[in-house]
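Per this note's numbering, the sequence shown runs over residues 245 to 1424. Single-structure report; data block below.
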Amino acid sequence: MRPIELRVKGLNSFIEEQKIDFNKLTERGFFGIFGPTGSGKSTILDGITLALYGQVSRKSSNYINTNCDSLNVSFKFQISGVEKKIYIVSREFKRDNKTGNPRTSRAKIIDTTNGIEEILADKAQKVTEKCEEIIGLGLEDFTRTVVLPQGKFSEFLKLEGKSRREMLERLFNLQKYGNILSIKLSREIGKEKTESNLLTGELKGYDEVSSEKFNLKNEELECARNQLSNANNELKEIEKKYKSSEEIWNLQFELNSYKEKEKVLNYKSSEIEEDKIKLKLAEAALKVNPYVLAYENTLNEGNETQKEKERLEINFKKLKVEKENSEKKLLEITEKKDKEIPELKLREQKVSDVIEEKNKLDILDKEIEEITSKVQVLREKYKKEKNNSVIIEDSIRNTTINIKKLEEKFESLKIDDELKTKIQNGLLITEKYNLFKKNISNNKNKLTNINKEIENLKVNFDELQKIYKVKSNSLNKNKDELENLIKRCPGNQEDLLILQKNLTNCNEKWEKFNQYSDEIKKSKLLIKELEGLLKKGKDKKISIDNELLDLKEKYKKCEIENLAFKIRMNLKNGEACPVCGSLEHDTKSKDKLIDDIDDDIVNQLNNKINEYEINLKVLEQDITIYNTKINSEEDKIREKNLQIENLGEEFKNIVPKDLESQFNRLKKDLENYDLKKEILENTLIQLKDENHKLENDSEIISTLIKEKETQVNLINEELAIDIEELNNTKEKLNIIIRETKVSDFNKKSQEIVNIEKEREILSKKIKEFRINIETLIKEKDQVQENLNLITEEGTHARTSLNEKNKNREEKIKIIKDKLEKEFNLIDDSNNIDENKLFMLLDSIKKEIECIEKEFKSIHELKDIICIKYESCNEKFISIVAKENQIIKRCEIEKENLNKSLKSENFESIEEVKANIIGFNDIEILKAKIEKYKEDLSKIKGAIESSVKKLNNREVTEEQWISIQNSVKEKKLEFESLNEMKIKLEEECKFIDNKLKELKDLLIKKEKIDHKLALLDDLDKLFKGKKFVEFVAITQLKYISMEASKKLKDITNGIYGLEVDENGKFIIRDYKNGGAERDASTLSGGETFLTSLALALALSSQIQLKGTAPLELFFLDEGFGTLDDNLLEVVMSSLEKLHNDKLKIGIISHVESIKNRVPVKLILTPAESGKGGSKVRLERS
């Protein structure tokens, strides 16, 4: 990503819009941003992050300037790759009325690569997401990559222990693998444990579910299905008989209904005959009716034609008179029109011409007035320009005098170049002398401090050794305790699982034993109850059988008597009896039999027999059901006893509570053992870590003592060299003092600088005056040119004015000539009354219009009357012809009518009209007759069909009722058995589902237990941030390799950078044969260069996340703390780093490094009353 342009307005100290052109700023690869504290140097970076990500890296919410209501930022940048892309991202922020915090009011990102603006996003969040997608970095990574916090890396080089680990965690963004991951892991373990407890609770709800219970229910279901199948077969047989009887019963009912309908149709036969006669007369009348209507219509038409003929004759006479009058009026108006209109037209044209000339005259008057005004303006302008010319000439004379005075002063301040050189050398030697003096003092102080540090380190080393011995003793003691605890282990999880399994099996067997025993008791009680009901049913059946036998005997006796009665009733004296053969019969006994035999008694006996037979069937069914249920329950008891035997006798010797207490005791012992073991192991790990740390610390202190002693030797050597250089420098300084006779070179140098500044100011003033003279001469020439133009324009205007006045007089003369008769329209001052002219023209036009209108109306009236006359004449001729035709047609139609009456046997027209009925009525009669025939035919066919279908079959009402009752009873029995089967199926399905759920829960429990074991292992792995430290050191090794390359480039192969196994930085000193050096032994400049290389390497590492390379970075370093020598080293290194793909910028307020930077962005801080911070570009 390469920045092109940034615009900011209303951000922090920037009030007015400021534009920063990065193309110009980065054109030489190395640039600087300079300005005093508070001028807005860091705000430039805030502007970039606000545009791209909608927030500043410092997480501030008070970045809108207090004098502004809104903030605008626009950032144009380029993405380099195979194809270059250019984007512009802009945002506007406004202050929230309630909270006062900034909120985005407008945001958009545009692709301008091909010169066509394409909006990629226009919502705040979408714009941020698009920027992250294009650059490939979030706000935090972008800030860490673009702005290199050098101070942190120099600190990082020397950090150790916990501080170094924490900084590594922050730099590599590893917080998510440290405390955050531990918290997440704890939450996940808690969540999984909760789920495990819930599953354990759910499993307790499935204690009563077993495969044995499922198999038992399946057997019951199979028995119910067999019973249902038998009942279904019986039902089908009865339904078959029912369908056959139903068919015969329905056919009998249909036959009776058809016979009833046939009687009704035979009753309507006389009415249908009358309708047939009526229909015949109506059809004949309809045939004659057209002739009647034609004759009557012709007579009516003849009467109407006679009336019309008389009316047209009267109209014709009236129109003839009107036609003659209109022709006379038209002749008169035509003569008037031909005479008066030409004269009026001529007058109209004259007046129109005068009006046109008057308009031209008015335009001419306006032009004369404008030219007169223009001449006056030109006179005023000429005077003004003449005065300006005089003022400019005076200014030129005064400026020339000032230039001469300044040139004289400029020459008087000139200093000899040789003196300036000697003073400059003296200043440099003085600074060098002071530097050696300062270095000697610093080295002496360093020696004192290092000796003190060595003494302190030796004391610390002794203390660490004492602590190490104490910790070692504690460690050995802890190991012994752990070994003793392991020896006294109460058992393991496998023992606990076996015990839990035995407890579960024991509980299950006791529960099943109790369940089977309860079911056996219930079945015995049910059998006892069913046996009581069975006994009652059998007793009742015997009673009904006896009563039914008596009733049947009585019924049979009555039936025989009834039959004998019927035979006796038909016997006559002299005829032989078919029973006994007697020829004489006792009539008295006949009368007696009539009294004794009653049909109602026979019917009552028959009904009672039927009722008893139905009750007997119901009782037989109940007895069968009771026997079935008793057998079923006895089978169930045998089955449950068998299941109890299968459980065995062992579980009866075990008390579940004792086994449960044994299980709980072992579980508690194991938990206490695990807890004590974990505490001892953690303590052991902690003590090992502490001992390891103490060993490292002792080794570090030992190394530091050696390094400090080495530093003492190096400083002593450096001190001897500096004292020698100090003496040499002092001799050189004394020589220059003698030559220049100057004791204070700083003061003299400042005087020379002040004189040079004064000369520079004078030179600038002289230059400004010369520019002013050139400007004044140009202004003078311009004024003279303006005067010439004004003179020329004035001459031209006066000539034009004279011509216009002459032309005006000619126009007035033309108008006077045209208005000879109407001369009163022009007054003495030659002014023409325009209103009178228009009134005169209007009156002429009205007169012409009136004549033409009158002519037109008379001509139109004459044409209308002629048309009416011709039309009336044509209609009269037509009506006479029509009258003759109607007379002839009337005679023909009368003859046709008489023929038609005769052929249809009608006496008169009145008779025809009396028999006419409507077409709809005729159709209704026809349909009625046809329907009658059709219905009669259908009924006869249906009766014949029903008789044929019955085929001498018959079902009585009693038989039909008996069959219906049998079907109902069998259906009830089938439904009862079906309900029992459905209930058993549901129970089997429920148990099956529960068994599947139990299986799923057990699998789920196993998975959760496995996951908990894994999470427990992870928890142990991430304790003490070991994983974070491992990842950080691995990352650090890769970064140190990259940093070493950059350090070699910067130092020309003198230094390299490595990381040991503990993540500690080691400096390779290749000028001393690749010797290892501790980071703490580096000088200030060496530390700066090493930390710079480290920062660049980290920036490259972070950029790997992105999709586009970042082509610049800012170095925000405290340059003010560096001395001149270090500053020289730093600037030389930075100048080497930049290239075409990497632009380097430094942010500083130190004035002394400005001259070393080729391109500078200077920031001027905000001043009260003069606006906000300002930016400007400078080149060296």
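Even for Gly, the Cβ is constructed at its ideal location relative to N, Cα and C. This structure is a prediction, so every number in the text was calculated from the model and none was measured.
Let's see if you can read the secondary structure: which residues bound the beta strand (DSSP E) around residue 1327? To locate residue 1327, count along the sequence shown from 1; it is residue 1083. Taken as a continuous stretch (DSSP letters only), residue 1327 belongs to no beta strand (DSSP E), as it is neither H nor E.
Check whether the segment 273-286 touches the segment 248-263, taking contact to mean three or more Cβ pairs, one atom from each stretch, closer than 8 Å. yes
Quickly, what does DSSP pair residue 276 with across the bridge? List them, please. Here residue 276 refers to the residue found at position 32 when the sequence shown is read from its first residue. Answer is 1390, 1404.
Touching by the beta-carbon criterion (3+ pairs, under 8 Å), the segment 931-946 and the segment 632-652: no
Taking the alpha-carbon positions, what's the residue 424 to residue 369 distance? The residue given as residue 424 occupies position 180 in the sequence shown. The residue given as residue 369 occupies position 125 in the sequence shown. Answer to the nearest angstrom: the Cα atoms are 27 Å apart.
I'd like the list of long-range same chain contacts for residue 1256, defined as Cβ closer than 6 Å, with 5 residues on each side in sequence excluded. One-based indexing of the sequence shown puts residue 1256 at position 1012. Here the set comprises 436.
So, with DSSP's three-state summary, where would you put residue 1305? Position 1061 of the sequence shown, counting from 1, holds the residue named residue 1305. Coil at residue 1305, not helix or strand.
Compare the C-alpha of residue 382 against each of 329, 300, 278, 753 and name the closest. Counting from 1 along the sequence shown, the entry for residue 382 is found at position 138. Comparing Cα-Cα distances from residue 382 to each of 329, 300, 278, 753, the minimum goes to 300.
Between residue 729 and residue 1252, is the Cβ-Cβ spacing less than 8 Å? Translated into the one-based positions of the sequence shown, residue 729 becomes position 485. Translated into the one-based positions of the sequence shown, residue 1252 becomes position 1008. For residue 729 and residue 1252, no; Cβs fall outside 8 Å.
Looking at C-beta atoms only, is the number of pairs between the segment 742-749 and the segment 901-909 that lie closer than 8 Å three or more? Touching, yes, given that three or more Cβ pairs across the two stretches are closer than 8 Å.
Count Cβ pairs between the segment 1181-1193 and the segment 559-570 that sit closer than 8 Å; are there 3 or more? Cβ pair count under 8 Å is below three, so no.
Same chain only: Cβ atoms within 6 Å of residue 1099, ignoring 5 sequence neighbours per side: If you number the sequence shown from 1, residue 1099 lands on position 855. Cβ within range, chain order: 577, 581.
Could you compute how far the alpha carbon of residue 323 sits from the alpha carbon of residue 294? The sequence position of residue 323 within the sequence shown is 79, counting from 1. The sequence position of residue 294 within the sequence shown is 50, counting from 1. Residue 323 and residue 294 have their C-alpha atoms spaced approximately 19 Å apart.
Could you please give the first and the last residue of the uninterrupted beta strand (DSSP E) stretch that includes residue 365? Within the sequence shown, numbered from 1, the residue matching residue 365 stands at position 121. In the DSSP assignment, residue 365 falls within the beta strand (DSSP E) that extends over 362-365.
Quick check on residue 1042: buried or exposed, where buried means 16 or more other Cβ atoms within 10 Å of its Cβ? Sequence index remark: in the sequence shown, residue 1042 carries index 798 (1-based). The residue is exposed, with fewer than 16 neighbouring Cβ atoms inside 10 Å.
Burial state of residue 470, where buried means 16 or more other Cβ atoms lie within 10 Å: In the sequence shown, counting from the first residue as 1, residue 470 sits at position 226. Label assigned to residue 470: exposed.
Taking the DSSP output, what are the residues bridged to residue 352? By one-based count along the sequence shown, residue 352 stands at place 108. 334.
Let me know if residue 687 comes out buried or exposed under the rule of 16 or more other beta-carbons within 10 Å of its beta-carbon. In the sequence shown, residue 687 corresponds to position 443, counting from 1. It is buried - the Cβ of residue 687 has at least 16 other Cβ atoms within 10 Å.
Check residue 1421 in the structure and name its three-state DSSP category. On the sequence shown, residue 1421 is found 1177 positions in, with the first residue counted as 1. In the structure shown, the three-state DSSP call for residue 1421 is strand.
Return the residue from the list 319, 336, 696 that minimises the CA-CA distance to residue 330. What you label residue 330 is simply residue 86 of the sequence shown in a count that begins at 1. The candidate whose alpha carbon is nearest that of residue 330 is 319.
From residue 626 to residue 641, what does the alpha carbon distance come to, in whole angstroms? The residue labelled residue 626 in the question sits at position 382 within the sequence shown. The residue labelled residue 641 in the question sits at position 397 within the sequence shown. Between residue 626 and residue 641, the C-alpha separation is close to 24 Å.
Using alpha carbons as the reference points, say which of 1054, 1400, 1417 lies closest to residue 1408. By 1-based counting over the sequence shown, the position of residue 1408 is 1164. Considering only alpha carbons, the answer is 1417.
Give the secondary structure of residue 734 by DSSP, where H, G and I count as helix, E and B as strand, and everything else as coil. Here residue 734 refers to the residue found at position 490 when the sequence shown is read from its first residue. Of the three classes helix, strand and coil, the one that applies to residue 734 here is coil, per DSSP.
Taking only the alpha-carbon atoms, compute the straight-line gap between residue 426 and residue 438 and give it to the nearest angstrom. Here residue 426 corresponds to residue number 182 of the sequence shown, with the count starting at 1. Here residue 438 corresponds to residue number 194 of the sequence shown, with the count starting at 1. Cα to Cα, residue 426 sits roughly 18 Å from residue 438.
According to DSSP, is residue 261 part of a helix, a strand, or is it coil? As a working note, residue 261 is residue 17 in the sequence shown. Of the three classes helix, strand and coil, the one that applies to residue 261 here is coil, per DSSP.
Residue 1197 and residue 492 - do their beta-carbons sit closer together than 8 Å? Residue 492 sits at position 248 when you count from the first residue of the sequence shown. Residue 1197 sits at position 953 when you count from the first residue of the sequence shown. Contact: yes.
Is it right to say residue 660 is buried, meaning 16 or more other beta carbons lie within 10 angstroms of its own, or is it exposed? Here residue 660 refers to the residue found at position 416 of the sequence shown. With fewer than 16 Cβ atoms within 10 Å of its Cβ, residue 660 is classed as exposed.
Nearest-angstrom Cα separation, counted from residue 1223 out to residue 1209: Within the sequence shown, residue 1209 is the residue found at index 965, counting from 1. Within the sequence shown, residue 1223 is the residue found at index 979, counting from 1. Computed Cα separation, rounded: 21 Å.
For residue 1399, the three-state DSSP class (helix, strand or coil): Walking along the sequence shown from the start, residue 1399 turns up at place 1155. In the structure shown, residue 1399 sits in a helix (DSSP, three-state: H, G or I).
Residue 299, DSSP secondary structure in three states: Position 55 of the sequence shown, counted from the start, is the residue given in the question as residue 299. Here residue 299 sits in coil by DSSP.
Less than 8 Å separating the beta-carbons of residue 1301 and residue 1003? Residue 1301 sits at position 1057 when you count from the first residue of the sequence shown. Residue 1003 sits at position 759 when you count from the first residue of the sequence shown. Not a contact, by the Cβ cut-off of 8 Å.
How should residue 262 be labelled, buried or exposed, when 16 other C-beta atoms within 10 angstroms of its C-beta is the threshold for buried? Taking the sequence shown and counting its residues from 1, one reaches residue 262 at position 18. Residue 262 is buried by the Cβ-count criterion.
Three-state secondary structure (DSSP) at residue 253? Here the question's residue 253 lines up with position 9 in the sequence shown. Residue state, collapsed to three classes: strand.
Indicate the three-state DSSP secondary structure (helix, strand or coil) for residue 1014 in the structure shown. Within the sequence shown, numbered from 1, the residue matching residue 1014 stands at position 770. Three-state DSSP puts residue 1014 in a helix.
Pairwise C-alpha distance: residue 647 and residue 655: Within the sequence shown, the letter at position 411 stands for residue 655. Within the sequence shown, the letter at position 403 stands for residue 647. If I take the Cα positions, the gap works out to 13 Å.
Would you report the Cα separation of residue 838 and residue 517, rounded to the nearest angstrom? Locating residue 838 in the sequence shown gives position 594, counting from the first residue. Locating residue 517 in the sequence shown gives position 273, counting from the first residue. Model confidence at residue 838 stands at a pLDDT of 44, short of 50, so the residue's coordinates are unreliable and nothing is read from them.
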